[in-house]
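J.:
Right, dumping it as structure tokens:
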């Protein structure tokens with residue numbers, strides 16, 4: 099029998115700063131590691147004030163994770179230690195696998211408004227030291243399924259109906275959607291039963307779960323329980339939310355800043371390599 103996912107937790111994102119002083123709102127981080135495994139962190143960056151974001155995220159390391167940067171408004175320049183350089187524009191996604199180690203920077207350009215998300219996905223023990231890689235996904239590559247009356251779902255990774263997202267060959271099976279619903283419109287998304295799942299509403303509000311029983315509003319995270327179908331109905335003003343599902347790793351987590359390993363010894367080794375200048379594999 100098909101089962102619907104209920105919302106088990108609703109929490110409001112909190113304001114913080116990161117990088118060189120970028121103002122953002124953090125939806126979840128360390129306290130949700132076990133609950134949302136394999137997801138580690140979700141940040142929502144957004145401002146019409148350039149001083150809130152122009153300092154950006156200067157060159158910094160990552161190891162043991164993937165970062166997914168989704169820009170809805172504005173532009174972000176990026177470059178890294180393996181020779182990649184480019185710009186993430188509105189509607190585009192950058193899916194970076196840090197693997198054994200990478201140094202990169204993300205520097206927003208001045209614009210009328212910057213708005214987007216960064217999601218961290220943990221890598222399993224067997225892939226934490228894989229070669230780093232980048233995938234830049236252009237707006238036109240992302241399928242958008244029209245649901246009528248202005249409602250739609252963009253499929254960045256995974257499937258919705260016959261639409262398949264452009265991000266494939268993933269280390270950890272993950273689905274990632276951007277959903278927009280007009281007033282009172284409803285969507286049902288079929289998910290893998292054993293996957294962790296969450297929604298984050300960035301405009302309006304929606305009722306989620308069986309009988310549409312739990313309201314999740316703007317800047318709120320909804321953690322979804324076990325089941326297969328995620329159902330949502332928009333409130334009277336419509337809604338926009340991102341949704342992700344992922345297969346849990348069920349592995350120990352040793353987390354220090356931008357580096358996530360399985361043991362404290364591995365974490366200390368990574369920082370030791372940073373100090374010695376051997377963090378990046380130059381072969």
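In my numbering, the protein residues as written are 99 to 381. A virtual CB, placed ideally from N, CA and C, is assigned to each residue, including glycine. Computed from a predicted structure; not experimentally measured.
Kindly identify the DSSP beta-bridge partner or partners of residue 321.
T.: 107 and 296.
J.: Residue 358 and residue 220 - do their beta-carbons sit closer together than 7 Å?
T.: Contact: yes.
J.: Assuming residue 360 contacts residue 346 (C-beta within less than 8 Å), just tell me the rounded distance between them.
T.: Not confirmed; about 14 Å, so no contact.
J.: Measure how close the beta-carbons of residue 319 and residue 159 come, nearest whole angstrom, since I'm counting them as under 8 Å.
T.: Between residue 159 and residue 319 the Cβ distance is about 27 Å, and since that is not below 8 Å, they are no contact.
J.: How would you label residue 120, buried or exposed, when you count the other beta carbons within 10 angstroms and need 16 or more for buried?
T.: Its Cβ being crowded by 16 or more others within 10 Å, residue 120 is buried.
J.: For residue 343, write down the residues that DSSP places opposite it in a beta bridge.
T.: Its beta-bridge partners are 273 and 295.
J.: I believe residue 106 touches residue 322 by the beta-carbon criterion, under 8 Å. Please report the beta-carbon distance rounded to the nearest angstrom.
T.: Rounded, the Cβ-Cβ distance is 7 Å, consistent with contact.
J.: Which residue's Cα is closest to the Cα of residue 336: 316, 210 and 151?
T.: For residue 336, the nearest C-alpha among the options comes from 316.
J.: Which residues mark the beginning and the end of the beta strand (DSSP E) in which residue 141 is found?
T.: Looking at the DSSP string, the run of the beta strand (DSSP E) that includes residue 141 is 137–145.
J.: Could you say if the region 162–169 and the region 184–197 meet the contact criterion of at least three C-beta pairs nearer than 8 Å?
T.: Touching, yes, given that three or more Cβ pairs across the two stretches are closer than 8 Å.
J.: I need the DSSP call for residue 287, collapsed to helix, strand or coil.
T.: It is a strand residue.
J.: Can you tell me which of the three DSSP states residue 221 falls into?
T.: Coil, per DSSP.
J.: When the Cα of residue 109 is compared with those of 300, 186, 363 and 376, which residue comes out closest?
T.: Ranking the options by Cα distance to residue 109, first place goes to 300.
J.: Can you confirm whether residue 332, when its beta carbon is compared against all beta carbons of chain D, has any partner nearer than 7 Å?
T.: Protein chain content of the structure displayed is limited to a single chain, and chain D is not contained in it.
J.: Count the C-beta pairs between the region 206–222 and the region 127–137 that are closer than 8 Å, then say yes if the count reaches three, no if not.
T.: Result yes; three or more Cβ-Cβ pairs closer than 8 Å.
J.: Put residue 334 into one of helix, strand or coil per three-state DSSP.
T.: Strand.
J.: Starting from the C-beta of residue 156, find all residues in its chain whose C-beta is less than 8 Å away, skip the five residues before and the five after it, and write them out in chain order.
T.: Closer than 8 Å at Cβ, skipping near neighbours: 117, 118, 203 and 205.
J.: Just to confirm the assignment, what range does the alpha helix (DSSP H) spanning residue 131 have?
T.: Residues 131–134.
J.: If contact is defined by three or more beta carbon pairs under 8 Å, each pair taking one atom from either stretch, is the region 301–314 in contact with the region 250–258?
T.: Touching, no.
J.: I need the DSSP call for residue 367, collapsed to helix, strand or coil.
T.: Looking at residue 367 - three-state DSSP - the assignment turns out to be helix.
J.: Going by beta carbon distance, what residues of the same chain come within less than 7 Å of residue 131, once the five residues before and after it are set aside?
T.: Cβ neighbours of residue 131 beyond the five flanking positions: 138 and 351.
J.: Please classify residue 266: does DSSP put it in a helix, a strand, or coil?
T.: If DSSP states are grouped into helix, strand and coil, residue 266 belongs with coil.
J.: Here's a check: name, in chain order, each residue in its chain whose Cβ is nearer than 6 Å to the Cβ of residue 340, leaving out the five neighbours to either side.
T.: If we look at residue 340 and ignore the five residues flanking it on each side, its Cβ neighbours are 276 and 298.
J.: Candidates 101, 123, 104 and 305: which alpha carbon is nearest residue 111's?
T.: That would be 123, whose Cα lies nearest to the Cα of residue 111.
J.: What separation, rounded to the nearest whole angstrom, lies between the Cα atoms of residue 251 and residue 369?
T.: Distance between the alpha carbons of residue 251 and residue 369: 41 Å.
J.: Here's the rule: buried if 16 or more other CB atoms are within 10 angstroms of the residue's CB, otherwise exposed. What is residue 224?
T.: The residue in question, residue 224, is exposed, as its Cβ has fewer than 16 Cβ neighbours within 10 Å.
J.: Tell me the DSSP secondary structure of residue 152 in three-state form.
T.: Residue state, collapsed to three classes: coil.
J.: Quick one: Cα of residue 147 to Cα of residue 264, how far?
T.: Cα-Cα distance, rounded: 32 Å.
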